[in-house]
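Asks: My questions all concern the structure below.
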Amino acid sequence: MAASDARPTVLHYVGHQSSRGGTIAALQALAQGSDAFASILGVGPGYPRDLMPALPTLEFPAVGPDRIDWACLWRARAVARCVRTWLAADGTRVFHAHSRPGLLVALWLRRWRQSRVLATVHVLGRQRWFYRFAARRLGADLHWLGPAMKRHYQLRDPSWEGCLPDCVPAAAWRAAPRLPRRAGRVTFGCAGALVPIKQWELVLEALARLPAGAPINVIHAGGEDGTPESAAYAAELRRRVAPLGLNSRVEWWGEMPDLQDFFATIDCLLVASRWEASSMAALEALVAGVPVLASDAAGTRDLVATARGGWLFQADSPAGLATAWQQLATGDVLTRWQRDETALRAFTAPVVAARHAALYRAKLMA
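Written out as structure tokens, the structure is:
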């Protein structure tokens, strides 16, 4: 069979030992978006295998925390050796990294002159120099979620060229945006793990700045991630609610495997963190007909701008967030909002998967 006719088998390596997170959801949607390539999820020891829908998994040695350091770099070498053997067994196989450990593995493979290797960056990391180094080493085989990410890493071309955005299943599409449902009040929703990088404390500080009669409340969907740091952070958030006088404004809904009821309840999704590379919750909200209010430093601003997905507020500013809330709650902006249907469909799984398929076929033909 000619390489151009072969069906690639792609190892989407994350190295995670947990099934939580937007990257896993995006990869599941991607795998369902096209039959042009087969997908396998590369995971670490202990990854749960009873998920539905689930990707086939292939387990590799643990690299360690999802970070860039010398210890992880060395442990990634062992994973790269396993991947090199896996690639050598079949010429239709392709490795695609989707995490910090995965990027380290990809760099080892490139050092060993492996050609069927790609990587996508899914974070707004603080070690910007390292990602620029990786961009030089991997060239066109390193991809980004959007232009905002390229600007964060101070790359020369902050365009959509070389970007592979997250995607959602086409079946999740809701034909028409919904209108606010709670008469006299506006409900903002927050979705995500209770971890410091999400900056949920900003939400409480902004709520405390609102006038007593402001018709605004917040619902949070999400739980702890199983770490002591997350447990302590969640406890501190809940402890602060009563002293700030927010008992009537904040609801904690906990972990929700399906956010459809959540989206049906809220009027606008809030992406509070400046470190949100590309919020899957924001993409899911827009597809469900719910607009987004996001930090102007987050990668989510690409989605807001491209698909007319909502509005931005000043990053790290409780006052800026409170002002944005009041503007949305007291005017007719929410009821007049309309997403860009054509632009948003570019983030659905069949469209994004077709771009991936072209890259994978090119790798087989190289």
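Residue numbers for the sequence shown, in the numbering used here: 718 to 1083. All C-beta atoms in this analysis are idealised placements derived from N, C-alpha and C, irrespective of residue type, glycine included. Keep in mind the model is a prediction, meaning the values are calculated, not measured.
#1: Which same chain residues end up closer than 6 Å to residue 844 when comparing Cβ atoms and leaving out the 5 residues on each side of it in sequence?
#2: With residue 863 and residue 995 assumed to form a contact (beta carbons below 8 Å), what rounded beta-carbon distance in angstroms separates them?
#3: In angstroms, rounded to a whole number, what distance separates the CA positions of residue 911 and residue 922?
#4: Return the chain-ordered ranges of every alpha helix (DSSP H) run that is complete within the region 792-873 and spans a minimum of 4 residues.
#5: At 3 residues or longer, what runs of the beta strand (DSSP E) sit wholly inside the region 967-1015?
#6: To the nearest angstrom, how far is the alpha carbon of residue 968 from that of residue 851?
#7: Evaluate residue 976 with the Cβ neighbour count: other Cβ atoms within 10 Å of its Cβ, from every protein chain shown; 16 or more gives buried, anything less gives exposed.
#8: Is residue 878 helix, strand or coil by DSSP?
#9: Three-state secondary structure (DSSP) at residue 938?
#10: Is the beta carbon of residue 1060 less than 7 Å from the beta carbon of residue 1024?
#11: Classify residue 889 as helix, strand or coil using the three-state DSSP reduction.
#12: With distances taken between CB atoms, is the gap from residue 929 to residue 961 smaller than 7 Å?
#13: Under the assumption that residue 841 contacts residue 1016 (Cβ atoms under 8 Å), give the Cβ distance between them as a whole number of angstroms.
#14: Just the C-alpha distance for residue 935 and residue 902, rounded to the nearest angstrom, thanks.
Replies: Checking against the coordinates, here is how it stands:
#1: On the sequence shown, position 127 is the one that residue 844 refers to. For residue 844, where only same-chain residues beyond five positions count, the Cβ hits under 6 Å are 785.
#2: Start at 1 with the first residue of the sequence shown, and residue 863 comes out as number 146. Start at 1 with the first residue of the sequence shown, and residue 995 comes out as number 278. That belief holds up - the Cβ atoms of residue 863 and residue 995 are roughly 6 Å apart, short of 8 Å.
#3: Residue 911 sits at position 194 when you count from the first residue of the sequence shown. Residue 922 sits at position 205 when you count from the first residue of the sequence shown. Roughly 16 Å separates the two Cα atoms.
#4: 817-828, 845-855 and 864-869
#5: 967-971, 985-988 and 1009-1012
#6: Position 251 of the sequence shown, counted from the start, is the residue given in the question as residue 968. Position 134 of the sequence shown, counted from the start, is the residue given in the question as residue 851. Taking the straight line from one Cα to the other gives about 42 Å.
#7: Indexing the sequence shown from 1 puts residue 976 at position 259. Looking at its Cβ environment, which holds 16 or more other Cβ atoms inside 10 Å, residue 976 is buried.
#8: The residue given as residue 878 occupies position 161 in the sequence shown. DSSP places residue 878 in coil when its eight states are reduced to three.
#9: Counting from one through the sequence shown, the residue named residue 938 turns up at place 221. Looking at residue 938 - three-state DSSP - the assignment turns out to be strand.
#10: Here residue 1060 corresponds to residue number 343 of the sequence shown, with the count starting at 1. Here residue 1024 corresponds to residue number 307 of the sequence shown, with the count starting at 1. Yes; because the gap between Cβ atoms is below 7 Å, this pair is in contact.
#11: Counting from one through the sequence shown, the residue named residue 889 turns up at place 172. Correct three-state label for residue 889: helix.
#12: Residue 929 sits at position 212 when you count from the first residue of the sequence shown. Residue 961 sits at position 244 when you count from the first residue of the sequence shown. Not closer than 7 Å, so no.
#13: As a working mapping, residue 841 is identified with position 124 in the sequence shown. As a working mapping, residue 1016 is identified with position 299 in the sequence shown. Going by Cβ atoms, the distance from residue 841 to residue 1016 rounds to 6 Å, so yes, they are a contact pair.
#14: The residue labelled residue 935 in the question sits at position 218 within the sequence shown. The residue labelled residue 902 in the question sits at position 185 within the sequence shown. For residue 935 and residue 902, the distance between alpha carbons rounds to 11 Å.
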